[in-house]
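See below for the structure under consideration.
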Amino acid sequence: MTLLSLTRLLALITALFMAAPVWSQADGYIARSLHHAFPGGVAVLPLGSHAQPPQAYYRDRPVMVLKDTDAQWVAVVGIGLEVSPGPENIQVKDTAGTLSVVSFNVAPREYKEQHIKLRNRKHVNPDPEQLKRFEREYQQQINAYAQFRTTGPSNILLDEPVSGPLSSPFGLRRFFNGEERNPHSGLDFAVPKGTPVKAPANGVVTIVDEFFFNGKTIFLDHGQGLITMYCHLSATDVAVGQTIQRGQVIGKVGATGRVTGPHLHWNVSLNGERVDPAIFIGKVSR
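Quick note: the sequence shown, position 206, residue 206 per this note's numbering, numbers continuous.
This is how it looks when you write it as structure tokens:
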């Protein structure tokens, strides 16, 4: 083996080791299930076994704090796709007001490319009026992602919103008609038009609208910064402010917005960061 090959092998082993959860079988269920600390992933960090939950912040945003099955409080932190591999930390404040720092490491992860051909060229390069519309809609969505209700989610391991094969995975570098755009921020299910879409956890509806790129769209707020989005729907069956129960039908799959055919685009956000939905349904790839 050449020195160059050995160097590459060691780098690969290091990357795999860093990407693997540091939790053992003795630790809690949430930590063992959700800890995938890479760009676009989730870090589950131990906060101790205090009587009351501490508060935790990542990059000046509040993050979810839950009690795991081992009776330890954990911070469930969404890591943005733009975060570089390397050391990161969260700030923690206990009930006495004492501040501390919990460090963690973000492992590298590579995402594949996807090339899509669109007939509607305005979905690649919108005209000025459409661009203004997109900017308004984008801000509306960012505001929804920024919400942080103190009520925790009914379940942190989510149900699949539809039953069917997965198509485009999270994090793909996307090229529309040969032009690179933002990475794919959700997970696509290849299911027929009209397929019922079900809520993966209890939540409150924060957006029901039709957007330029996303088509007919629903946002659900599940609590503590966990937000899910459902795009390209053919119909919506809920209203803003409505409380939704796990398993309740909220809409139907369609082909509205920027699409090449019927499918459900499902998006999961934590502390304002889009993260891989596959993590929450136990289908994340290594």
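All residues carry an ideal CB built from backbone N, CA and C; glycine is no exception.
If you're wondering where the values come from, they're calculated on a predicted model, not measured in any experiment.
Counted as a single uninterrupted DSSP element, the beta strand (DSSP E) harbouring Q55 occupies residues Q55 to Y58. Minimum Cα-Cα distance from K252 among the listed residues W73, I207 and C231 corresponds to C231.
For L172, no beta strand (DSSP E) run applies, since DSSP gives it neither H nor E.
A residue is called buried when at least 16 other Cβ atoms come within 10 angstroms of its Cβ; E129 does not meet this threshold and is exposed.
Burial is judged here by how many other beta carbons sit within 10 angstroms of a residue's own beta carbon; T98 has fewer than 16 and is exposed.
According to the DSSP secondary-structure assignment, N267 is paired through a beta bridge with M229. For I279, the secondary structure class from DSSP, reduced to helix, strand or coil, is helix. Taking C-beta atoms under 8 angstroms as the contact rule, I244 and A190 fail to qualify, at a distance of about 24 angstroms. By the neighbour-count criterion, in which 16 or more other beta carbons inside 10 Å mark a residue as buried, T206 falls on the buried side.
Around the C-beta of K283, fewer than 16 other C-beta atoms lie within 10 Å, and the residue is accordingly described as exposed. The region 53 to 63 and the region 81 to 98 touch, with no fewer than 3 CB-CB distances between them shorter than 8 angstroms.
With fewer than 16 other CB atoms across the displayed protein chains lying within 10 angstroms of its CB, V249 is exposed. Under a 10 Å Cβ-count criterion, G261 is classified as exposed, with fewer than 16 other Cβ atoms of the shown protein chains found around its own Cβ. For L34, the secondary structure class from DSSP, reduced to helix, strand or coil, is helix.
No residue range can be given for E110, since it is assigned to no alpha helix (DSSP H) and is classified by DSSP as neither H nor E. One Cα belongs to E273, the other to G78, and the distance between them is close to 6 angstroms. Take T228, set aside five residues on each side of it, and the residues of its chain with a beta-carbon closer than 6 angstroms to its own are L220 and V268, in chain order. Here F104 really is in contact with A43; their C-beta atoms are around 5 angstroms apart, less than 8 angstroms. The Cβ atoms of G225 and V63 lie closer than 8 angstroms to each other.
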